[in-house]
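Residue numbers (the working numbering), protein chains in the order written: chain A, 1 to 446; chain B, 1001 to 1125. Ideal Cβ placement from N, Cα and C applies to all residues, glycine included. The model shown is predicted, which means the values in this text are computed figures rather than measured ones. Accompanying notes for the structure given below.
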């Protein structure tokens, strides 16, 4: 019996010891939890403070960025005017001297004076192109719509090209389909587009054929005028084609030396086409020639003056169904909305649109899109403000946002929670792959 | 001899255009501002005016409108010279009563063509 009592007593002792240990452990753990909790509360407070500070900093950075962008384009406009005035004198006086030298049969001087003049003209072309490009990027390039006779416009462009076409002994072929009729467009920009494409074709073709074919067509995308510029010139590699519409990128470094030009012509042409609602495409084979096609919708694509006269583009704001889910496109530019809609729909996404940040938030709440493409510079509520509002909403903050902008502001975008930055003009592949990448991670947002 | 009146505030540009017009066989008179221009033109009676739009004090648009409102000068052909290749400037110049325009830096051969076309139109019209 005493043995039994002894066993019981020991068991009791062990249990008591174990319980004391457990109690001590519990007390220690509770203290740790309490301390951690204290720490967390302090952290949360600090975090809130940090977020408030960061938000304020970002608002300031955004205001500074907008102001800087504005003063940059102002500076470029002023500077190019200031540069042109002395250039005017250089060009004019070198021409006067050239006339003098010609009259005095000083042919050695004529050659040098022509070099000065040629360099001056190249500089002028550069300044003009940079001014154009900066205006486009700053959204200050305006469109002036007028109704023009297509054939008359095309013939006008061809007449001014004669000298350029003759220079390389090229044969020019103009093919006009009957019934081209009138189009409503910005004639100056369309003229410059055709002029740039044709003079490029003539420049990169030696003793070959440059052709312009114009026809009016109706297909599933509506009524279009097609301008097809083809040449039998040097052509391009696929790598060169890929870089073609980027500013200052010519075929390769030697191209500028060999063929001249500013390297901005096609970048501007491409942007003009976008502004006109037209699509510019290119096909090229190295050594065989290139074909540039401008597909210009007959209907005016730009926002109209009166809201009643708005093109059917915006009637589609109600949205389309897509097998892959719905993407919300927020952009104040009707042409951009249309471009993005077409690209996204052709990839199987449904699309709803909004014209500013405020509408964007509303639509995001209504439709819960799988992703949002967001323009930055918009009237009233801009892209950054919309980003902040999205991030502040427990549900909406999970929707991946792709910032689509002419301004490269990945920094601010990323800080505000944007998943990707897609530069304007839109590169279709870039947009789609960024979208695909980020819709996959939508649920797992941090 | 055909007389061309050049209005241009930049002295170097004025000198350049004047010399080239004289070489091309024109008689040239000029002013560097739009102030008092209507009286000058009434006295000089040129066949055509080359008008810089970016003049100080009275700008080229106002000068063109003044000429179009003047009984003696309202048919005087005007070619506007504009520094900015802006469509708005072009439209505003034509609206103000200019007959044609060319952008600076001036392509002289192109300018001569425009001058001759306008003078011819005046001679036939």
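Check, Outcome
"Determine the direct distance from the alpha carbon of residue 196/A to that of residue 144/A, and round the result to whole angstroms.", "19 Å"
"Which residue marks the beginning of the beta strand (DSSP E) containing residue 144/A, and which one marks its end?", "Residue 144/A -> no beta strand (DSSP E), and no H or E assigned at all."
"Quick check on this structure: which residue in 16/A, 386/A, 52/A and 344/A has the alpha carbon closest to the alpha carbon of residue 429/A?", "344/A"
"Check the Cβ-Cβ distances between residue 302/A and every residue of chain B, and say whether any is below 8 Å.", "Confidence is the limiting factor: at residue 302/A the pLDDT is only 42, short of 50, which leaves the residue's position unreliable, though a coordinate-based value still follows. Answer no: the Cβ-Cβ gap between residue 302/A and chain B never drops below 8 Å."
"Taking the beta carbon of residue 438/A as the centre, do at least 16 other beta carbons fall within 10 Å, making it buried, or is it exposed?", "buried"
"For residue 303/A, does the three-state DSSP call read helix, strand or coil?", "Its pLDDT being 38, under 50, residue 303/A is placed unreliably by the model, and nothing is read from it."
"Counting C-beta neighbours from all protein chains within 10 Å, is the total for residue 5/A 16 or more, i.e. buried, or is it exposed?", "exposed"
"If we count the other Cβ atoms within 10 Å of its Cβ and call it buried at 16 or more, is residue 224/A buried or exposed?", "buried"
"What does residue 124/A reach in chain B if we use C-beta pairs closer than 9 Å?", "1105"
"When DSSP labels each residue in this structure, what does residue 373/A get in the three-state scheme?", "strand"
"In the DSSP assignment, find the unbroken beta strand (DSSP E) run with residue 175/A in it and report its ends.", "171-176"
"Just by C-beta distance, which residues in the stretch 1092-1121 of chain B are closer than 8 Å to chain A?", "1104, 1105, 1106 and 1108"
"What is the DSSP secondary structure of residue 1046/B, reduced to helix, strand or coil?", "coil"
"Kindly list, in the order they appear in chain B, the residues whose Cβ is closer than 7 Å to that of residue 93/A.", "1016"
"Work out the CA separation of residue 395/A and residue 305/A for me, nearest whole Å.", "Because residue 305/A sits at a pLDDT of 32, beneath the cut-off of 50, its placement in the model cannot be relied upon, and the following sentence gives the value as read from the coordinates. Straight-line Cα distance between these residues: approximately 37 Å."
"Alpha carbon to alpha carbon, how far is residue 13/A from residue 3/A?", "15 Å"
"Can you name the residues of chain A whose CB is closer than 9 Å to the CB of residue 1020/B?", "92, 95, 96 and 99"
"Looking at the secondary structure, which residues open and close the alpha helix (DSSP H) in which residue 116/A lies?", "107-137"
"Quick one: Cα of residue 48/A to Cα of residue 86/A, how far?", "57 Å"
"For residue 335/A, which three-state DSSP category applies?", "helix"
"Could you pull the DSSP bridge partners for residue 284/A from this structure?", "290/A"
"Along chain B, which residues have their Cβ under 8 Å away from the Cβ of residue 89/A?", "1012, 1013 and 1016"
"Quick one: which chain A residues come within Cβ less than 9 Å of residue 1023/B?", "96 and 99"
"Go ahead and label residue 1063/B buried or exposed: buried means 16 or more other beta carbons lie within 10 angstroms of its beta carbon, across all protein chains shown.", "buried"
"Output yes if chain B places a C-beta closer than 8 Å to the C-beta of residue 305/A; else output no.", "With a pLDDT of 32 at residue 305/A, under the threshold of 50, the predicted position of this residue should be treated as unreliable, and no value is reported."
"May I have the straight-line CA-CA distance separating residue 11/A from residue 37/A, to the nearest angstrom?", "38 Å"
"Have a look at residue 369/A and residue 57/A and give me their C-alpha separation to the nearest angstrom.", "29 Å"
"Under a three-way DSSP split, which group does residue 357/A fall into?", "helix"
"What does the alpha-carbon distance come out to for the pair residue 445/A and residue 384/A?", "Residue placement at residue 445/A is poorly supported in this model, since its pLDDT is 36, which falls under 50; the coordinates are not used for a value here."
"When the cut-off is 8 Å and only beta carbons count, does residue 85/A lie next to chain B?", "yes"
"Short check: CB of residue 205/A to CB of residue 168/A, under 8 Å?", "yes"
"For residue 1078/B, report the span of its beta strand (DSSP E) as first-last.", "1078-1082"
"Suppose the cutoff is 8 Å on Cβ atoms and the five residues either side in sequence are ignored; what does the same chain contact list for residue 102/A look like?", "110"
"If you draw a straight line from the alpha carbon of residue 1116/B to that of residue 162/A, how long is it in whole angstroms?", "21 Å"
"With a threshold of 8 Å, are at least 3 pairs of Cβ atoms found where one atom belongs to the stretch 1026-1039 of chain B and the other to the stretch 1076-1083 of chain B?", "no"
"Rounded to a whole number of angstroms, what is the C-alpha to C-alpha distance between residue 1075/B and residue 1114/B?", "16 Å"
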